[in-house]
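This report concerns only the one structure given below.
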Amino acid sequence: MSNVDVDPECLERMRNLVRNVAIDRFRRASQEESFKLLETTGGKKNIYDHWMAIILVSGKALRITFKVHFNIKSSKKMASPIYGKNPEKVEVRQAKDFIKEFCNLSAGYIKKIFEDQSLDVGISLPLVIRGFDEVFFERQVKKSIIEDTFRIENSGVGVVCTNIVEVFNQDLLNDIDINVEEEEEEIDFL
50 MSNVDVDPEC LERMRNLVRN VAIDRFRRAS QEESFKLLET TGGKKNIYDH WMAIILVSGK
110 ALRITFKVHF NIKSSKKMAS PIYGKNPEKV EVRQAKDFIK EFCNLSAGYI KKIFEDQSLD
170 VGISLPLVIR GFDEVFFERQ VKKSIIEDTF RIENSGVGVV CTNIVEVFNQ DLLNDIDINV
230 EEEEEEIDFL
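So the sequence shown is numbered by my numbering: it starts at 50 and just counts up by one.
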């Protein structure tokens with residue numbers, strides 16, 4: 050894709066969409082409303098934690114690369130209410146699945162927001178890789194890209210989220226309503 054000029058306001062709207070969906074979906078996934086979205090600083094080639102889950106949302110208008118950086122100990126604590134177990138009884142697989150499901154919920158809701166407004170996008174399956182692999186992600190400086198880093202935390206336990214939004218066609222995004230609406234839905238963890 051070529052480097053296109055994108056209004057910074059459009060990029061900011063897409064950044065806010067990802068942030069709003071992420072905190073909403075994390076609270077739902079963890080069944081804990083007290084998680085807060087906190088500002089944090091990102092930088093080039095930062096390693097945020099031992100593990101990283103990644104998922105993509107992509108279409109003709111944009112591509113969102115959403116990454117969640119986490120460690121197993123914290124993930125077990127966050128997932129324990131879902132599984133009805135003490136954190137030490139939560140299996141490593143379940144701790145990783147919790148984070149992958151958070152990625153799925155976030156990407157799925159972003160997809161729903163766009164598709165409800167007739168903008169087709171697809172999503173990938175979430176993938177968990179080593180957090181150290183972050184060094185292989187190339188940073189691009191383009192007027193069509195915004196990168197963001199934030200933390201979702203409750204009582205010192207949380208995850209770092211990073212996302213890269215690249216806009217390919219701003220005209221397709223200008224009329225998109227990015228408000229995250231309350232909805233009742235059941236979340237099942239296996």
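Note that CB positions come from ideal geometry on N, CA and C, so glycine has one too.
Discussion item. Taking only three categories from DSSP, how would you classify Lys192?
Written reply: Reading the sequence shown from its first residue, position 143 is the one you call residue 192. Residue state, collapsed to three classes: coil.
Worksheet item: Measuring CA to CA, which of Asn218, Gly108, Val206 is closest to Val170?
Response: Start at 1 with the first residue of the sequence shown, and residue 170 comes out as number 121. Measuring from the Cα of Val170, the nearest candidate turns out to be Gly108.
Item to complete: Look at the alpha carbon of Gly207 and the alpha carbon of Met127, and state the distance between them as a whole number of angstroms.
Response: Within the sequence shown, the letter at position 158 stands for residue 207. Within the sequence shown, the letter at position 78 stands for residue 127. The C-alpha of Met127 is placed about 8 Å away from the C-alpha of Gly207.
Worksheet item: Relative to the C-alpha of Gly205, which residue among Asn135, Thr198, Ser83 is closest?
Response: Mapped onto the sequence shown, residue 205 falls at position 156. Checked all of Asn135, Thr198, Ser83; the closest Cα to Gly205 is Ser83.
Item to complete: Decide if the segment 109-120 is in contact with the segment 129-136; the criterion is three or more beta carbon pairs, one per stretch, under 8 Å apart.
Response: By the Cβ rule, the segment 109-120 does not count as touching the segment 129-136, because fewer than three pairs are nearer than 8 Å.
Item to complete: Measure the C-alpha to C-alpha separation of Pro49 and Ser193 and round it to an integer number of angstroms.
Response: This structure does not reach residue 49, given that the chain is present from 50 up to 239, and the question cannot be answered.
Worksheet item: For Asp73, which of helix, strand or coil comes out of DSSP?
Response: Reading the sequence shown from its first residue, position 24 is the one you call residue 73. In the three-state reduction of the DSSP assignment, Asp73 falls in the helix class, which pools H, G and I.
Worksheet item: What residue does the beta strand (DSSP E) around Gly108 start on, and which one ends it?
Response: Along the sequence shown, one-based indexing puts residue 108 at 59. Gly108 -> beta strand (DSSP E) spans 100-108.
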